[in-house]
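This report refers to the structure that appears directly beneath it.
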Amino acid sequence: MKKYFAVTIFFTSLLFNAQKSHCYDLDKVLKVEPTPLYEKHLNASKKFNIKILKDAKTVKKYREAGKLNAVNELGKGYRIQKLEYSKAVLTPKAKTALREIAKTFSSKTKGSTLTYTSLTRTLEDQCRLRKVNRNASSGLSSHNYGNAFDVSYVRFNDRLERNERLEKILEKVLKEFENAGKIYFIKEKMQSCYHVTVRT
113 MKKYFAVTIF
123 FTSLLFNAQK
133 SHCYDLDKVL
143 KVEPTPLYEK
153 HLNASKKFNI
163 KILKDAKTVK
173 KYREAGKLNA
183 VNELGKGYRI
193 QKLEYSKAVL
203 TPKAKTALRE
213 IAKTFSSKTK
223 GSTLTYTSLT
233 RTLEDQCRLR
243 KVNRNASSGL
253 SSHNYGNAFD
263 VSYVRFNDRL
273 ERNERLEKIL
283 EKVLKEFENA
293 GKIYFIKEKM
303 QSCYHVTVRT
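Under our numbering, the first residue of the sequence shown carries the number 113, and numbering increases by one thereafter.
Here is the structure:
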């Protein structure tokens with residue numbers, strides 16, 4: 113009988129510790145103050161009525177509810193690179209924006225394609241990313257709400273090389289979308305991408 117209780121306590125303890133042990137500390141994440149420039153990205157994200165995406169289970173829940181939709185790896189004017197630290201899902205409005213940006217870019221460049229490098233990122237994904245990339249946010253990111261994606265400005269037509277002409281066209285397209293009140297975007301020099309947050 114004692115042996116049974118000892119085994120039960122052992123496995124209960126393992127389960128409790130497994131539930132407690134996250135890659136991230138939510139309290140610490142929430143305490144990180146966003147920069148004034150980035151604050152509007154987070155404020156826009158909170159209007160989608162999606163709580164912070166903590167892990168794959170949370171993403172699954174929102175997918176089943178139809179609040180996050182899968183994004184095809186290939187589409188008109190774009191491709192998504194292999195994702196290791198994010199998931200190919202977005203809110204319906206963000207998915208539409210991603211596709212519209214790519215179509216507009218393709219039209220203005222007579223058929224060139226963009227590369228999206230990151231989409232929805234859970235807190236678990238973000239924590240894993242931070243282990244290999246110190247520049248990954250230690251606070252909340254609009255990626256954590258399913259309404260943000262990154263688009264490379266050094267990879268066009270599936271080639272990794274600078275192309276100033278295409279880069280300028282991409283930035284012009286993003287400015288058009290921002291001026292129309294559809295997105296916010298930031299140029300990230302360390303990651304060679306534009307971080308795009310979709311507005312409601």
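Quick reminder that beta carbons are idealized off the backbone N, C-alpha and C, glycines included.
Within 9 Å, strictly: CB atoms of residue i and residue j
i      : j      : result
Ser254 : Ser230 : no
Phe289 : Ile298 : no
Val308 : Ala209 : yes
Tyr306 : Leu282 : yes
Gln216 : Gly178 : Checking the sequence shown, residue 216 turns out to be Thr, not Gln. No, the Cβ-Cβ distance between Thr216 and Gly178 is not below 9 Å.
Thr225 : Arg191 : yes
Ala168 : Thr234 : yes
First through last residue of the beta strand (DSSP E) which encompasses residue i
i      : result
Ile162 : It is not in any beta strand (DSSP E) - Ile162 carries neither H nor E in the DSSP assignment.
Tyr296 : 295-300
Tyr257 : Careful: Tyr257 lies outside any beta strand (DSSP E) and carries neither H nor E.
Per-residue burial, residue i [other beta carbons within 10 Å of its own, 16 or more giving buried]
i      : result
Thr312 : exposed
Phe268 : buried
Asp262 : buried
Glu300 : exposed
Glu236 : buried
Lys194 : exposed
Cβ-Cβ separation, residue j to residue i (assumed contact under 8 Å), whole Å
i      : j      : result
Val201 : Asn259 : Wrong, their Cβ atoms sit about 11 Å apart, outside the cutoff.
Ser218 : Val266 : Not a contact, Cβ separation roughly 18 Å.
Leu165 : Thr232 : 7 Å
N-terminal and C-terminal residue of the alpha helix (DSSP H) that residue i is part of
i      : result
Val285 : 276-291
As an exercise, report each continuous beta strand (DSSP E) stretch of at least 3 residues that is fully enclosed by the segment 165-243, in chain order.
Along the length of the segment 165-243, whole beta strand (DSSP E) runs at least 3 residues long occupy 190-192, 226-230, reported in chain order.
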